[in-house]
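>
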Ligand code: KIV
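Numbering (the working numbering), first residue to last: 2 to 302.
1) Going by Cα to Cα distance, which pick from 118, 144, 137, 271 is closest to residue 128?
2) Strictly by DSSP, which residues pair up with residue 29?
3) Could you tell me whether the Cβ atoms of residue 115 and residue 75 are closer together than 9 Å?
4) Does DSSP put residue 158 in a helix, a strand or coil?
5) Would you call residue 112 buried or exposed, if buried means 16 or more other Cβ atoms sit within 10 Å of its Cβ?
6) Cβ of residue 74 versus every heavy atom of the ligand KIV: is any distance shorter than 8 Å?
7) Classify residue 11: buried if its beta carbon has 16 or more other beta carbons within 10 angstroms, exposed otherwise.
8) Do you know how far the Cα of residue 276 is from the Cα of residue 59?
9) With hydrogens ignored, establish whether the beta-carbon of residue 90 is closer than 8 Å to any heavy atom of the ligand MG.
10) Could you check the C-alpha separation between residue 3 and residue 13 for me, to the nearest Å?
11) Got a sec? Which residues, its chain only, sit under 8 Å from residue 153 by beta carbon, not counting five neighbours each side?
12) Going by the C-beta, is residue 153 closer than 8 Å to any heavy atom of the ligand KIV?
13) May I have the straight-line CA-CA distance separating residue 44 from residue 31, to the nearest angstrom?
14) Return yes when the C-beta of residue 221 is under 8 Å from any heavy atom of the ligand KIV, and no when it is not.
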């Protein structure tokens with residue numbers, strides 16, 4: 002019998018959770034091993050976010066991330082996810098030219114990478130038309146309003162959006178427009194929780210918050226932030242549940258020490274020959290004529 006922990010997550014399943022007031026739990030992942038762990042634990046939705054660029058590929062922001070990189074990282078996540086719904090994030094400039102090209106790029110997340118949906122930032126008039134075209138092409142779309150990291154050059158820095166009433170009203174309207182355009186869910190990033198609450202109450206579709214407070218229908222965090230992969234700056238909204246950076250640092254330091262001291266690998270981590278085979282081998286080796294080394298074959302340092 003399928004149950005909450007084993008049933009494959011679908012879009013209707015996620016939407017029904019809102020009706021039942023059950024929280025949706027989402028996380029980002031960019032590779033097979035992490036996706037496998039979070040899928041097995043029971044995460045509902047895995048976003049292969051374009052945050053990939055910053056937390057895995059070492060870019061300063063998400064702007065340089067390409068379609069090729071996104072598809073490459075979405076494939077292993079899909080292979081690892083037996084239950085979770087996998088959503089691929091459309092990178093900057095993969096949906097900014099013609100609707101035709103943008104719908105084609107979105108289709109690659111489904112056809113090539115095997116994801117179930119795409120996410121797209123923004124809610125301009127043009128973006129809404131594009132989302133309608135994607136939905137028309139049977140591509141489920143997740144919206145994203147509030148702080149949209151692909152607007153970094155407009156914003157200058159990653160900041161909380163909707164602190165002023167006018168901007169809050171605009172974000173609320175954007176979310177409603179996205180629902181009308183056909184998105185199945187919307188990410189609310191870095192907005193005051195009161196604004197997220199209004200949006201969550203107004204929309205039929207689930208809201209997934211990141212830095213948007215407790216009233217959203219679900220939450221998402223960047224995997225690398227919540228496990229403490231980096232020892233750098235983390236935004237206020239991130240709760241660090243582990244310190245992987247420290248764990249890895251200690252592990253690798255211990256490895257370096259062991260190798261330098263000669264305590265690794267010891268017998269426990271080595272393969273052995275039976276003693277009679279060792280004797281036999283040494284005897285046979287002693288019978289092999291020694292190769293004369295030419296004097297000019299010196300190792301250069
Ligand atoms: O790229 C990403 O990881 C995201 C989440 C922060 C929602 O868009």
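Virtual Cβ for every residue (Gly too), placed ideally from N, Cα, C. All figures in this text were calculated on a predicted structure; none of them were measured in a lab.
In terms of the structure at hand:
1) What you label residue 128 is simply residue 127 of the chain shown in a count that begins at 1. Closest option to residue 128, Cα to Cα, is 144.
2) The count along the chain shown starts at 1 and reaches residue 29 at position 28. The partner list for residue 29 (beta bridge, DSSP) reads 48.
3) Numbered from 1 along the chain shown, position 114 holds the residue referred to as residue 115. Numbered from 1 along the chain shown, position 74 holds the residue referred to as residue 75. Yes, the Cβ-Cβ distance between residue 115 and residue 75 is below 9 Å.
4) As a working mapping, residue 158 is identified with position 157 in the chain shown. The answer is coil: DSSP assigns residue 158 none of H, G, I, E or B.
5) The residue given as residue 112 occupies position 111 in the chain shown. Exposed: under 16 other Cβ atoms inside 10 Å.
6) By one-based count along the chain shown, residue 74 stands at place 73. Residue 74 Cβ: outside cutoff for every heavy atom of the ligand KIV.
7) Indexing the chain shown from 1 puts residue 11 at position 10. Flag for residue 11 reads exposed.
8) Sequence index remark: in the chain shown, residue 59 carries index 58 (1-based). Sequence index remark: in the chain shown, residue 276 carries index 275 (1-based). Each residue's Cα considered, the two are about 51 Å apart.
9) The ligand MG is not part of the structure shown, which contains the ligand KIV as its ligands.
10) Residue numbering aside, residue 3 sits at position 2 when the chain shown is read from its first letter. Residue numbering aside, residue 13 sits at position 12 when the chain shown is read from its first letter. Confidence at residue 3 is low in this model, with a pLDDT of 49, below 50, so the placement of that residue should be treated as unreliable; the coordinate-derived value is given next. Their backbone Cα atoms lie some 15 Å apart in a straight line.
11) Residue numbering aside, residue 153 sits at position 152 when the chain shown is read from its first letter. Closer than 8 Å at the Cβ level, and outside the excluded window around residue 153, lie 62, 63, 64, 159.
12) Here residue 153 refers to the residue found at position 152 of the chain shown. False, no ligand heavy atom lies under 8 Å from that Cβ.
13) Here residue 44 is taken as the residue at index 43 of the chain shown, counted from 1. Here residue 31 is taken as the residue at index 30 of the chain shown, counted from 1. Straight-line Cα distance between these residues: approximately 14 Å.
14) Counted from its first residue, the chain shown places residue 221 at position 220. Correct: residue 221 has its Cβ closer than 8 Å to the ligand KIV.
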